[in-house]
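Just so you know, the sequences run in chain order A and B.
Its first residue numbered 1, the first sequence is counted upward by one per residue in this note's numbering.
Its first residue numbered 1001, the second sequence is counted upward by one per residue in this note's numbering.
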Amino acid sequence: MSLDALISLCVSGIVVGSVYAMTAIGFVVIYKTTRVINFAQGELMMVGAYICLFLTVDYKLPFWAAFLMTGIVCALLGYVIERVVLRRVIGDPIVSVIMITLGLGIVLKAIVGAIFGVDVRVLPTPIPDGAVSIGGTPVSYHYLFSMAFSVLAMCAFAAFFRWSRLGLAMRATSSDQQAAMAMGVNVGQIFALSWAIACVVSAVGGMLIATINGVNLGVSAFGLKVFPVVILGGLDSIVGAAVGGVLIGVLENVADGVFKSVFDLDGFRDVAAFVVLVLVLMIRPYGLFGQHDIERI
Amino acid sequence: MLTIENIEVVYDTYVLVLKGLSLQVKSGAVTALLGANGAGKSTTLKAVSGLLASEEGEVTRGRITFDGVDITHMSPDRRVASGLVQVMEGRRIFQDLTVEENIRIGAFLEKDSRKIASRRELVYEYFPKLKERHTQVAGYLSGGEQQMLAIGRALMAGPRIMMLDEPSMGLSPLLVQEVCGIVRRLNREEGLTILLVEQNASFALAVADQGYVMEDGKVVLEGSGAELRGNQDVQEFYLGAGASERGRFSSVKWYRRKKRWV
């Protein structure tokens, strides 16, 4: 396999990986604050992509306005999901909470399928079709846009969690709920906020993927990739989600390419990610950046 | 300032923990609440701060008023906003946040940045060690420093009553003295009203203006700090005095009194 091919595999891996990273951040935000393992993450991506499609195609909104509107709508959606569904199962056994998120995913998928149909549709964007050459490898503008936007979004989140009052409250809540409550943090609001944030980042991931691959129900399949990503990065680490996303994206693309050209084996892409998942669980179960509990000796 | 009238607290809908407890915290005073393990001291504090709900607890009877306002069923964040701040048992600092971030979160409900800055200054003046270590991850502080951080964090909320739950727990006698001094200073210099829950009676009674002794979910004895210090029962069962006279009392009587306390 030529070096050029390898580089282009890496580039597309980084792009897909940055979308994984966005979704994984959503997952981690929910897990960190509420300890809910959200199996509907991919469906939230799909919902975002469809809302954006609906607004641009049917409502003829300009792309950027639709992008923004989708973010707002999804924030509301996340807030409502938490208030109406997840709030009722706080403190319930983890299995029932997982079942509820699984069910939530199925319901979302069915609703979207019923409204929009199951065909692949193109999301029209103002991004031109051409490509730029980076180090001799052509990279399409769509890829560049996705990458730049996710990096920007991730920086914004990092800043939010580090410096803002609410971001700090979210971290405090994930560290010790009752103590946060004693400091006047309304924990219920923090839960709803984390769902809203998770919905927005997933929707952004969904829209970014839609600008590249088009929109269909298959977008939700990306949600499954969240698990190797967060296991690799560490379940409770936002940085881990970002780094893990890109790593998994590159890894599966390269593995896929290598296996195709060297061993003539097809479809290794999805396997690679889960091989990593198993390996990480065996060697370093808290992931690359996961929290070890602090113990003073 | 803070009045608890005949409250009953039930955990998990059927475990009765407080059985008609009443007490009063006077403005500007240090009020101590003493009692053995399981007497319901921490539950009393949580009923006042509103943290009961997060433990499936509920005030089923009686009422709690703060400055004349009934707060019995108010949400915990609104109680903090009105100036009732609890320093929880076991310090409960945010271990994976830095010292500075722990301090910042204390002022979560305060929007005025000047007030936040002046409170932070006050906290660092009281606890210069925290200032030295403000970039450190809080989980790596020593036990004493963590207790200071917990108190400092609560100060950031701008409390009118600070409720301290076992601040001496797990600290060496020297550190207990330091905490004792800080409580006294906060009370005298900042005019902070303090409700102190303690098992370490000699520490609590050394600073208290007013004290209550709890047993099995009720108040069994109350009085000024000096009165309680002088009380024979308290001396024997909490301060460890008079042990040599045991033989001279009728042992039955002594046993009965002992049972009442422990």
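Note that CB positions come from ideal geometry on N, CA and C, so glycine has one too.
Requested in this report: Compute the distance between the beta-carbons of residue 1033 of chain B and residue 1041 of chain B, then report whether it is under 9 Å.
Outcome: yes
Query - Beta-carbon contacts of residue 1251 of chain B that lie in its chain and below 6 Å, excluding the five residues immediately before and after - result: For residue 1251 of chain B, the predicted model reports a pLDDT of 47, less than 50, meaning its position is unreliable; a value from the coordinates is still stated below. Taken in chain order, the list of residues that qualify is empty.
**Report entry** Neighbour list for residue 1094 of chain B in chain E, Cβ cutoff strictly below 7 Å
**Finding:** Any reference to chain E falls outside this structure, whose protein chains are A and B.
Query raised in the report: Distance, Cα to Cα, residue 199 of chain A vs residue 1023 of chain B?
Result: 48 Å
Report task. Look at residue 108 of chain A and residue 53 of chain A and say whether their C-beta atoms are less than 9 Å apart. Result -> no
**Report entry** Cβ neighbours of residue 75 of chain A in the same chain (closer than 8 Å, five flanking residues each side left out)
**Finding:** 196, 197, 199, 200
Report task. Report the rounded CA-to-CA distance for residue 1014 of chain B versus residue 1059 of chain B, giving the unit in angstroms. Result -> 12 Å
Query raised in the report: Straight-line CA distance for residue 1144 of chain B to residue 274 of chain A?
Result: 46 Å
Requested in this report: Figure out for me which residue from A:283, A:17, A:3, A:287 has the closest Cα to the Cα of residue 147 of chain A.
Outcome: A:17
Query raised in the report: Between residue 1152 of chain B and chain A, is there a C-beta pair that is closer than 9 Å?
Result: no
Query raised in the report: Does the pairing of the segment 1082–1101 of chain B with the segment 1144–1163 of chain B give three or more beta-carbon distances under 8 Å?
Result: yes
Query raised in the report: If you drop the 5 nearest sequence neighbours on each side, which residues of the same chain put their C-beta closer than 6 Å to that of residue 7 of chain A?
Result: 137
Query - Any chain A beta carbon closer than 9 Å to residue 977 of chain B - result: The requested residue 977 of chain B is not part of the displayed model; chain B covers only 1001 to 1262.
Query raised in the report: Could you check where the alpha helix (DSSP H) with residue 968 of chain B kicks off and where it finishes?
Result: With chain B represented from 1001 up to 1262, any question about residue 968 of chain B goes unanswered, as that position is not in the structure.
Query raised in the report: At which residue ranges does the segment 1126–1205 of chain B contain complete alpha helix (DSSP H) runs of 4 or more residues, listed in the order of the chain?
Result: 1128–1132, 1143–1156, 1173–1189
Report task. Check whether the Cβ atoms of residue 94 of chain A and residue 37 of chain A sit closer than 9 Å, and answer yes or no. Result -> yes
Query raised in the report: Which first and last residues belong to the alpha helix (DSSP H) in which residue 94 of chain A is found?
Result: 94–116
Query raised in the report: So which residues of chain B does residue 303 of chain A contact, with C-beta pairs closer than 8 Å?
Result: Residue 303 of chain A cannot be examined here, being either before or after the span of chain A that is shown, 1 to 297.
Query raised in the report: Using Cβ-Cβ distances below 9 Å, what residues of the segment 1062–1086 of chain B are close to chain A?
Result: 1075, 1076, 1077, 1078, 1079, 1080, 1081, 1085, 1086
Query - Euclidean distance between Cα positions of residue 1186 of chain B and residue 1194 of chain B - result: 9 Å
Query - Length of the line joining the Cα atoms of residue 240 of chain A and residue 152 of chain A - result: 16 Å
Query raised in the report: For residue 82 of chain A, which of A:139, A:11, A:194, A:243 has the nearest alpha-carbon?
Result: A:194
**Report entry** Option nearest residue 1069 of chain B by Cα separation, candidates B:1056, B:1048, B:1203, B:1054
**Finding:** B:1048
Requested in this report: Starting from the beta carbon of residue 1049 of chain B, find every residue of chain A whose beta carbon is closer than 9 Å, and list them in chain order.
Outcome: 181, 182
Query - Candidates B:1173, B:1158, B:1080, of which the one nearest residue 1113 of chain B by Cα - result: B:1158
Query - Top-ranked residue by Cα proximity to residue 1235 of chain B, from B:1218, B:1219, B:1213, B:1153 - result: B:1213
Requested in this report: Give the DSSP bridge partners of residue 154 of chain A, in chain order.
Outcome: Its beta-bridge partners do not exist; DSSP assigns none.
Query raised in the report: Of the residues that make up the segment 268–282 of chain A, which ones have a beta carbon closer than 8 Å to any beta carbon in chain B?
Result: none
Query raised in the report: So the alpha helix (DSSP H) residue 1049 of chain B belongs to, where does it begin and stop?
Result: 1041–1049
**Report entry** is_contact[residue 241 of chain A, chain B] using C-beta, thresh 9 Å
**Finding:** no
Report task. Determine contact between the segment 240–255 of chain A and the segment 42–51 of chain A, defined as no fewer than three beta-carbon pairs at a distance below 8 Å. Result -> no
Requested in this report: With 9 Å as the threshold, decide whether the Cβ of residue 1088 of chain B is near any Cβ in chain A.
Outcome: yes
**Report entry** Where residue 1157 of chain B meets chain A, residues with beta-carbon distance less than 8 Å
**Finding:** 183, 184
Query raised in the report: Three-state secondary structure (DSSP) at residue 1095 of chain B?
Result: coil
Report task. Report yes if the CB atom of residue 1097 of chain B is closer than 9 Å to the CB atom of residue 1154 of chain B, and no otherwise. Result -> no
Query raised in the report: Which same chain residues, not among the five before or five after residue 145 of chain A, have their C-beta less than 6 Å away from its C-beta?
Result: 127
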